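Enquirer: Numbering (the working numbering), first residue to last: 652 to 1160. Just so you know, even glycine gets a beta-carbon here, dropped at the ideal spot from N, CA and C. Bear in mind the structure is a predicted one, so any value in this text is a computation, not a measurement.
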């Protein structure tokens, strides 16, 4: 990582640094513009003063000294005046040339008698205001204006010549430039010192007012993240950080309460699980002891009832007793299966075969309850392979389906219907799932009842052990599948079973 990249990363990861840079940048622009404007104004004022001074010098030399010398006939004094004047009051040079550009008088004796170029002569004739001229390393303010022929000059000059010559005076700007340079350096140093003091003040202020409180809050958050919910942030301040700390404390307090409740709930669940385990062991032992006598009682009743005449009312008593024994046997089997689940004997089977057999076995119960059984298949199922093969124990899956269908029939009023749908779906877009949905038109369950539906011994029916759905869940999970339930009061209940399919769904074209 390069130096520039590290600097950019440091700036991006520090709120204090970003705020400091932003504020200092704004202040630098603000503090820098004011001195720059003042210096610019000062420079313009000095330039105007230099121009006024140059005009005054030009007028003094042109109208007073030179004109006076010429009128009294002392032309030789003109050169002496020009030479003496140069060097005083920052005057860089003075020269006087005629209308043809021939230099007659000059502070530089070497250029006497030389002639200006036509372009330079034209420029001087058209000059009205002083101009800045750079000569080598020097900067001069130059003013060249013509000397007009006067009535008193006709004694020596032709009256037809309106212009006798051009007087050029150059004023050095080096002193002004040096003064401005000193002023600029002073302003720059003052600005940098001011910005430095302000930057340090901002940095210290952000450190005390923002950085330290945020660091303390982050430390508290890290402790809370490690599981210490007893920590609290300093919320004494009334600013935004104090507001943030108060809300953080409120959140931690709620999390602490929720954790306490969750721990109590877990303890209750563990205690309940221990009780259920103990009850399950006892129930399994009792059920095993009950099963054999029930079988004997059922056999004895069958033998005794053989000699009863067909119209003997005792036959109805025997039939009802057999029904009660069957119910007891079913409860015993549920308890034994839940407490000591048998391992499934897995092998590839057609899911439709299991579904068809389960439906045929519950048809009589559906007719008794006057409930319509409907088997539905997803659109295009035959083409995309919904008749999936699953690796399952057909007897256990059939037991699950029969139990779910019977539950749906019992929950549905006469005239209602129970729909059984099969399809092959994808699990997160990858493996195939063989899905079965059993949906009834019964009264449905509340959200609280639906959440407890798979808990052992929970039942919404007056009869039953409350082990049907827990056993179904246990079997499906042994097959590496999933079972879920959705229900709403007045909208019926839908149970969905998902099993891994050995036959993958065909790819869409």
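When you compare only the Cα positions, how much space is there between residue 1131 and residue 897?
Expert: Residue 1131 and residue 897: Cα-Cα distance of roughly 47 Å.
Enquirer: From residue 1148 to residue 912, what distance separates their C-alpha atoms?
Expert: Approximately 33 Å, taken between the alpha carbons.
Enquirer: So, for residue 1105: in the same chain, excluding its five sequence neighbours on each side, which residues have a beta-carbon less than 7 Å away from its beta-carbon?
Expert: If we look at residue 1105 and ignore the five residues flanking it on each side, its Cβ neighbours are 1120, 1121, 1124.
Enquirer: Between which residues of its own chain and residue 842 is the CB-CB distance below 7 Å, once the five residues before and five after are set aside?
Expert: Here the set comprises 682, 683, 686.
Enquirer: Considering Cα atoms alone, identify which of 767, 891, 711, 1001 is closest to residue 742.
Expert: Nearest of 767, 891, 711, 1001 to residue 742, Cα basis: 711.
Enquirer: Does the region 998–1007 come within contact of the region 1039–1057, defined as at least 3 CB pairs closer than 8 Å?
Expert: With the cut-off at 8 Å, the region 998–1007 and the region 1039–1057 touch.
Enquirer: If contacts are defined as beta-carbon pairs under 8 Å, then residue 1092 and residue 1143 qualify, I think. What distance do you get, rounded to the angstrom?
Expert: Confirmed, about 5 Å.
Enquirer: What's the gap between the Cα of residue 694 and the Cα of residue 792?
Expert: Roughly 14 Å between the two C-alpha positions.
Enquirer: Quick check on the DSSP output: the alpha helix (DSSP H) that includes residue 828 runs from which residue to which?
Expert: 825–857 is the extent of the alpha helix (DSSP H) around residue 828.
Enquirer: Can you tell me which residues form a DSSP beta bridge with residue 1165?
Expert: Since the first and last residues shown for the chain are 652 and 1160, residue 1165 lies out of range.
Enquirer: Assign residue 1033 to one of two classes, buried (16 or more other C-beta atoms within 10 Å of its C-beta) or exposed (fewer than that).
Expert: For residue 1033, the pLDDT reaches just 49, beneath the cut-off of 50, and the residue's location in the model is therefore unreliable, leaving the point undetermined.
Enquirer: Whole alpha helix (DSSP H) runs in the region 1034–1071 with 4 or more residues, listed along the chain?
Expert: Listed in chain order, they are 1045–1062.
Enquirer: Among the residues of its own chain, which have a CB less than 7 Å from the CB of residue 1055, if the five just before and after it don't count?
Expert: Counting only Cβ-Cβ distances below 7 Å, and skipping sequence neighbours, we find 1089, 1123, 1146.
Enquirer: Please name the residue, chosen from 993, 690, 771, 1058, that lies closest to residue 1044 on a Cα-to-Cα basis.
Expert: Ranking 993, 690, 771, 1058 by Cα distance to residue 1044 puts 993 first.
Enquirer: Mapping DSSP to helix, strand and coil, what is residue 998?
Expert: Here residue 998 sits in strand by DSSP.
Enquirer: Just verifying my parser: in three-state terms, what is the DSSP assignment at residue 1146?
Expert: Strand at residue 1146.
Enquirer: Identify, in the order they occur along the chain, each residue of the same chain with its Cβ nearer than 7 Å to the Cβ of residue 910, setting aside the five sequence neighbours on each side.
Expert: Cβ within range, chain order: 880.
Enquirer: Going straight from the alpha carbon of residue 886 to that of residue 902, what length do you get?
Expert: If you take the alpha carbons of residue 886 and residue 902, they lie about 13 Å apart.
Enquirer: Would you tell me roughly how many angstroms separate the C-alpha atoms of residue 966 and residue 1022, rounded to the nearest one?
Expert: In a straight line, the C-alpha of residue 966 is about 29 Å away from that of residue 1022.
Enquirer: With a threshold of 7 Å on Cβ separation, who are the neighbours of residue 973 within its own chain once the five nearest residues in sequence on each side are excluded?
Expert: The residues are 949, 952.
Enquirer: Taking the DSSP output, what are the residues bridged to residue 1085?
Expert: For residue 1085, which the question treats as bridged, DSSP gives the partners 1075, 1150.
Enquirer: Should residue 709 go down as buried or exposed, given a rule of 16 or more other Cβ atoms within 10 Å for buried?
Expert: The residue in question, residue 709, is buried, as its Cβ has 16 or more Cβ neighbours within 10 Å.
Enquirer: Pick out whichever of 847, 832, 815, 1009 has its Cα sitting closest to the Cα of residue 1053.
Expert: Of the candidates 847, 832, 815, 1009, the one whose C-alpha sits nearest the C-alpha of residue 1053 is 1009.
Enquirer: Quick check: the Cα distance between residue 1069 and residue 979, rounded to an integer number of angstroms?
Expert: Residue 1069 and residue 979: Cα-Cα distance of roughly 27 Å.
Enquirer: Could you tell me the distance, in whole angstroms, from the CA atom of residue 868 to the CA atom of residue 884?
Expert: Computed Cα separation, rounded: 6 Å.
Enquirer: State the Cα-Cα distance for the pair residue 1133 and residue 1084, rounded to the nearest angstrom.
Expert: Near 10 Å, if we compare the C-alpha coordinates of residue 1084 and residue 1133.
Enquirer: Pair every Cβ in the region 759–770 with every Cβ in the region 779–794, then say whether three or more of these pairs are closer than 8 Å.
Expert: No contact exists between the region 759–770 and the region 779–794.
Enquirer: Rounded to whole angstroms, how far is the Cβ of residue 1096 from the Cβ of residue 1138, which I believe are closer than 8 Å?
Expert: About 4 Å; that satisfies the 8 Å criterion.
Enquirer: Can you give me the Cβ contacts of residue 857 inside the same chain, cut-off strictly under 7 Å, excluding the 5 residues immediately before and after it?
Expert: Counting only Cβ-Cβ distances below 7 Å, and skipping sequence neighbours, we find 667, 670, 671.
Enquirer: Applying the criterion that 16 or more other CB atoms from any shown protein chain within 10 Å of the CB defines a buried residue, is residue 1152 buried or exposed?
Expert: With 16 or more other Cβ atoms within 10 Å, it is buried.
Enquirer: Measure the Cβ-Cβ separation of residue 976 and residue 1020 and say whether it is below 8 Å.
Expert: Not in contact: residue 976 and residue 1020 (Cβ atoms no closer than 8 Å).
Enquirer: To the nearest angstrom, report how far apart residue 1047 and residue 1108 are at their CA atoms.
Expert: If I take the Cα positions, the gap works out to 20 Å.
Enquirer: Can you give me the Cβ contacts of residue 865 inside the same chain, cut-off strictly under 8 Å, excluding the 5 residues immediately before and after it?
Expert: Cβ within range, chain order: 666, 892.
Enquirer: Grab the span of the beta strand (DSSP E) containing residue 1023 for me, first residue to last.
Expert: Where residue 1023 is concerned, the enclosing beta strand (DSSP E) stretches over 1023–1028.
Enquirer: Got a sec, what are the start and stop residues for the beta strand (DSSP E) residue 1133 sits in?
Expert: Counting along the chain, the beta strand (DSSP E) containing residue 1133 begins and ends at 1133–1138.
Enquirer: Tell me whether residue 1004 sits in a helix, a strand or coil according to DSSP, three-state version.
Expert: Of the three classes helix, strand and coil, the one that applies to residue 1004 here is helix, per DSSP.
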